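Colleague: In our numbering, the protein residues as written are 16 to 669. For glycine and all other residues, C-beta sits at the position ideal for the given N, C-alpha and C. Predicted model only: the values in this text are computed from it and were never measured.
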Amino acid sequence: MRSLLLLIPLCASSLLLLTATTNADNLTFYMHSNCPAENLNYTGGSAFQANLDAILSSLPAAAAAASSGFAENVSGAAPNKAYGVAQCRGDISASDCRACLNDAAHEVAGKCQGQKSAELLYEGCRLRYSNTNFSGELDTSTPWYMCDPDSNATQPQQFNTLLGELMGNLSEEAYGSPRMFAADSIKYTPFETIYGMVQCTRDLSPDDCHYCLVNAVGKIQTFQNCSGKQTVRIFNWSCSIRFELTPFFSAEADDNPVPGTAASDPGWSRYTGSSPRGPGISATALVSIIPVAITLLLLLLVAVYICNKNRKTNKLQIEGHGADEEMKNSDPLQYDLSTLRAATNNFSEENKLGRGGFGPVYKGTIQNGQEIAVKRLSTISQQGLVEMKNEIVLVAKLQHKNLVRLLGFCIEEEEKLLVYEFLSNKSLNKVLFDPAREQKLSWGQRYKIIKGISRGLLYLHEDSRLTIIHRDLKPGNILLDSDMNPKISDFGLAKLFKIESSVANTRHIAGTYGYMAPEYASRGMFSTKSDVFSYGVLVLEVVTGRPASEDLLSLVRRHWSLGSVTQLVDGYPAEEPDKQDMLRCIHIGLLCVQEDPQLRLRMASVLLMLENRIVTMSAPTKPAFVIPGPGEGPRAAAKEPSINEASVSDLEPR
């Protein structure tokens, strides 16, 4: 008997998808909750509870009355202030919206009893409250999914291609929609259609919404039992995606937002695709509660019996996954000048790794045996101090496995120094193009480098909370660790933005010819799409093994059009490259160097395309013309150092 009781939660979860997709009118169906254990509790009758009750009582009506189906509220004063957000699915009526949120508001106390932070997810709505302000924050840290392992696609390749097209279109539509919601379908076979829906919480910025959706789509291939399935839902607390072969959203979902009054109920049957029903849906739903409850109880008892006989026949897997590796946020250390002098043998020539306009870089070893790289500001540099302060403030905030880590700094006497982690494999420029290097990079190493750079750049552009534009991305500023993992270095040129600002203009053109986007080189206009252009050039260099030049882009484009692009590919030692991955990388590179910045990919899309073959890609347009520097030949662009004073190009250990 005890084993039967232990099996009840497992069997209840195995019925969740079935009940959620067959009970067409049950928008108040409870699906999931998150009650963070680390959060503080509140006591009954406290000031926080009074503030929480105030927002819970107001949010359902406010969200139902809003044309967007979204509302947020704050009540009280610190330290007892309560913050709340409520949102309904983008295709349901105001009456259903209010009913769902009313249930959530009444049940949240039981689900997360006494906790100061809680999140509840229902079939038709979601509710969240906290004692800290979370409005506008992107949260993909606790993805949760529902995948039917028996819903295998009969034609997986065709299904994945069409699914990628549908999800990509929906993500773009939600990105450009004030409701941040989109639903549509695409024909799969003559008798089957894929129905898809995506939605973000409406307090997000459009860029955060797009990233959240792209991230969720990318999870399809990584979650157990989701790849190749036709019935999948993936949720986090900032967005959700869903697709299946049964119609489940309103037939007017694309055209009508949640109406402001209950009388505007569009009344479409959500899963059966039947004709509109009458306005008495709420009463019908209430009448159906008792028989539905009895049916669920009977099904649960049957499921307990079945599960006890064969525990391996669980029909649905619902798992929560923690976030990807969290980035540490440590302050840089301030080093004594005497320590750095001793570490570098008083900045001896034997310890010099390289030199850029910003000044020389030295290898050092501190007393605990740790190897470091010390960047020494040139005393003749007029902008050196300004650029160094920029790096200290900026780089100290950036912690990612694909960014060079700033360990500390020193401003003492006449010396101004930055201390970085030491990377033993030199720069990508040296590894790719040094004629003295006998062993070439394998395809696996190149593919790893391409993906690693994309992750680092995505962090700079979207994940770091501040939009960071590098402005001098090139092989010389990609350093490689002992495992050939790439790390983006040299943020002396980086322009720090607030999230609202995405384009800026500068009179001081700083960067490296051959990698500069044309709008930046000619007009000083730069944005994240300027970095995307540089990344595209990098990708083409890494794949082909050819340095950037004024004709590399047109050469690759010409061979791409003729179907002979593999003729340009550098020979890879001891292995045959995955041709599909190689061509996909070249395709991505060409999409990144298109002349129109608006047509270039976002880094979130780049990473999605690299990691998911189901995502379809458009045909690239004509690449931009790359302006060579004064007196530069076609092959000089990749070998010349940055024209900016703050850029240290090639860090090469002796």
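Identify the continuous beta strand (DSSP E) that holds CYS199 and give its terminal residues.
Modeller: Counted from its first residue, the sequence shown places residue 199 at position 184. Here residue 199 turns out to be Asp, not Cys, going by the sequence shown. Per DSSP, ASP199 belongs to the beta strand (DSSP E) from 196–204.
Colleague: With DSSP as the reference, label TYR528 as helix, strand or coil.
Modeller: Position 513 of the sequence shown, counting from 1, holds the residue named residue 528. DSSP places TYR528 in coil when its eight states are reduced to three.
Colleague: If you reduce the DSSP assignment to three classes, tell me which class PRO612 lands in.
Modeller: Numbered from its first residue, the sequence shown carries residue 612 at position 597. If DSSP states are grouped into helix, strand and coil, PRO612 belongs with the helices.
Colleague: Three or more C-beta pairs closer than 8 angstroms, one from the segment 221–237 and one from the segment 102–117: is that the case here?
Modeller: Counting Cβ pairs under 8 angstroms, fewer than three are found: no touch.
Colleague: Just verifying my parser: in three-state terms, what is the DSSP assignment at PRO501?
Modeller: Working through the sequence shown from its first residue, we reach residue 501 at position 486. Three-state DSSP puts PRO501 in a strand.
Colleague: Can you name, in chain order, every residue of its own chain whose Cβ lies under 6 angstroms from the Cβ of TYR226, other than the five neighbours on each side?
Modeller: If you number the sequence shown from 1, residue 226 lands on position 211. GLU477, ALA619, listed in sequence order.
Colleague: Touching or not, the segment 465–476 and the segment 545–552, by the rule of three or more beta carbon pairs under 8 angstroms?
Modeller: The answer is yes - the segment 545–552 touches the segment 465–476, with three or more Cβ pairs under 8 angstroms.
Colleague: Quick one: Cα of PRO638 to Cα of LEU494, how far?
Modeller: For the purposes of this step, residue 638 is taken as residue 623 along the sequence shown, with counting starting at 1. For the purposes of this step, residue 494 is taken as residue 479 along the sequence shown, with counting starting at 1. The straight-line gap from Cα to Cα measures roughly 27 angstroms.
Colleague: Nearest to SER439 by CA position, among PRO501, TYR462, GLU428, is which residue?
Modeller: By one-based count along the sequence shown, residue 439 stands at place 424. For the residues PRO501, TYR462, GLU428, the minimum Cα distance to SER439 belongs to PRO501.
Colleague: Tell me the residue span of the alpha helix (DSSP H) that contains ASN175.
Modeller: Translated into positions along the sequence shown, residue 175 becomes position 160. ASN175 -> alpha helix (DSSP H) spans 171–190.
Colleague: With respect to 8 angstroms, is the separation between the Cβ of ASN167 and the closest non-hydrogen atom of the ligand FAD below this value?
Modeller: Although the ligand FAD was asked about, the structure shown includes no ligands whatsoever.
Colleague: Across which residues does DSSP place SER48 in a beta bridge pair?
Modeller: Here the question's residue 48 lines up with position 33 in the sequence shown. Its beta-bridge partners are LEU135.
Colleague: Counting beta carbon pairs with one atom in the segment 603–620 and one in the segment 156–171, are three or more of them shorter than 8 angstroms?
Modeller: No, they do not touch.
Colleague: So, at 6 angstroms on beta carbons, what are the nonlocal neighbours of ASN148 in its own chain, with the 5 sequence-adjacent residues on each side left out?
Modeller: As a first step, residue 148 is located in the sequence shown; it is residue number 133 there, counting from the start. Correct list, in chain order: TYR98.
Colleague: Are the CB atoms of LYS378 and ASN366 nearer to each other than 9 angstroms?
Modeller: Translated into positions along the sequence shown, residue 378 becomes position 363. Translated into positions along the sequence shown, residue 366 becomes position 351. In this structure, ASN366 lies closer than 9 angstroms to LYS378 by Cβ.
Colleague: Hey, would you say GLY467 sits closer than 9 angstroms to ASN417, going by beta carbons?
Modeller: As a working note, residue 467 is residue 452 in the sequence shown. As a working note, residue 417 is residue 402 in the sequence shown. A contact, by the Cβ cut-off of 9 angstroms.
Colleague: Starting from CYS224, trace the beta strand (DSSP E) in both directions and tell me its first and last residue.
Modeller: Reading the sequence shown from its first residue, position 209 is the one you call residue 224. No beta strand (DSSP E) contains CYS224, which is instead part of the alpha helix (DSSP H) from 221–233.
Colleague: How many Å lie between THR157 and SER569 at the Cα?
Modeller: On the sequence shown, residue 157 is found 142 positions in, with the first residue counted as 1. On the sequence shown, residue 569 is found 554 positions in, with the first residue counted as 1. Roughly 44 angstroms separates the two Cα atoms.
Colleague: Find out if the Cβ-Cβ distance for the pair GLY151, LEU181 is shorter than 9 angstroms.
Modeller: In the sequence shown, the residue the question calls residue 151 occupies position 136. In the sequence shown, the residue the question calls residue 181 occupies position 166. Contact flag unset, no.
Colleague: Mind checking GLY191: buried by the 16 CB within 10 Å criterion, or exposed?
Modeller: In the sequence shown, residue 191 corresponds to position 176, counting from 1. Counting Cβ neighbours within 10 Å, GLY191 comes out exposed, since fewer than 16 surround it.
Colleague: Could you tell me the distance, in whole angstroms, from the CA atom of VAL213 to the CA atom of GLY560?
Modeller: Locating residue 213 in the sequence shown gives position 198, where the first residue counts as 1. Locating residue 560 in the sequence shown gives position 545, where the first residue counts as 1. Each residue's alpha carbon lies about 40 angstroms from the other.
Colleague: Buried or exposed for LYS441, going by 16 or more other Cβ atoms inside 10 Å?
Modeller: Working through the sequence shown from its first residue, we reach residue 441 at position 426. With 16 or more Cβ atoms within 10 Å of its Cβ, LYS441 is classed as buried.
Colleague: With distances taken Cα to Cα, identify the nearest neighbour of GLN385 among GLY369, SER265, SER353, PHE437.
Modeller: As a working mapping, residue 385 is identified with position 370 in the sequence shown. It is PHE437.
Colleague: With C-beta atoms as the reference, is TYR462 less than 9 angstroms away from ILE387?
Modeller: Counting from one through the sequence shown, the residue named residue 462 turns up at place 447. Counting from one through the sequence shown, the residue named residue 387 turns up at place 372. Result no, Cβ atoms of TYR462 and ILE387 do not sit closer than 9 angstroms.
Colleague: Can you check whether the CB of GLU187 is closer than 9 angstroms to the CB of MET46?
Modeller: As a working mapping, residue 46 is identified with position 31 in the sequence shown. As a working mapping, residue 187 is identified with position 172 in the sequence shown. No; because the gap between Cβ atoms is not below 9 angstroms, this pair is not in contact.
Colleague: Note down, in chain order, each residue of its chain lying with its Cβ closer than 6 angstroms to the Cβ of GLU134, except the 5 sequence neighbours on either side.
Modeller: Here residue 134 refers to the residue found at position 119 when the sequence shown is read from its first residue. Cβ neighbours of GLU134 beyond the five flanking positions: ASN49, ARG143, TRP252.
Colleague: Does the pairing of the segment 122–129 with the segment 101–114 give three or more beta-carbon distances under 8 angstroms?
Modeller: As far as the Cβ criterion goes, the segment 122–129 does not touch the segment 101–114, which means the pair count is below three.
Colleague: Please confirm whether ALA352 and LEU432 have their CB atoms less than 9 angstroms apart.
Modeller: Here residue 352 is taken as the residue at index 337 of the sequence shown, counted from 1. Here residue 432 is taken as the residue at index 417 of the sequence shown, counted from 1. Correcting the residue identity first, residue 352 is Leu in this sequence and not Ala. Yes; because the gap between Cβ atoms is below 9 angstroms, this pair is in contact.
Colleague: Helix, strand or coil, according to DSSP, for THR261 in the structure here?
Modeller: Here residue 261 refers to the residue found at position 246 of the sequence shown. Looking at THR261 - three-state DSSP - the assignment turns out to be coil, as it is neither helix nor strand.
Colleague: Alpha carbon to alpha carbon, how far is GLU428 from LEU153? Give it in angstroms, no decimals.
Modeller: Along the sequence shown, one-based indexing puts residue 153 at 138. Along the sequence shown, one-based indexing puts residue 428 at 413. Approximately 44 angstroms, taken between the alpha carbons.
Colleague: What does the alpha-carbon distance come out to for the pair GLU534 and ALA189?
Modeller: Within the sequence shown, the letter at position 519 stands for residue 534. Within the sequence shown, the letter at position 174 stands for residue 189. Approximately 28 angstroms, taken between the alpha carbons.
Colleague: Using the rule of at least 16 other Cβ atoms within 10 Å of the residue's Cβ for burial, across every protein chain shown, is ALA573 buried or exposed?
Modeller: What you label residue 573 is simply residue 558 of the sequence shown in a count that begins at 1. Sequence inspection shows Arg at residue 573; the Ala mentioned does not correspond to that position. The residue is exposed, with fewer than 16 neighbouring Cβ atoms inside 10 Å.
Colleague: Report the rounded CA-to-CA distance for THR261 versus LEU606, giving the unit in angstroms.
Modeller: Residue 261 sits at position 246 when you count from the first residue of the sequence shown. Residue 606 sits at position 591 when you count from the first residue of the sequence shown. When rounded, the distance between both Cα atoms is 34 angstroms.
Colleague: Please classify SER72: is it buried, with 16 or more other beta-carbons within 10 angstroms of its beta-carbon, or exposed?
Modeller: As a working mapping, residue 72 is identified with position 57 in the sequence shown. Exposed is the call here.
Colleague: Let me know the secondary structure DSSP gives LYS466 once reduced to three states.
Modeller: Position 451 of the sequence shown, counted from the first residue, corresponds to residue 466. The answer is helix: DSSP assigns LYS466 an H, G or I state.
Colleague: Looking at the strands, I want to know which residues DSSP matches up with ARG391.
Modeller: Locating residue 391 in the sequence shown gives position 376, where the first residue counts as 1. LEU432.
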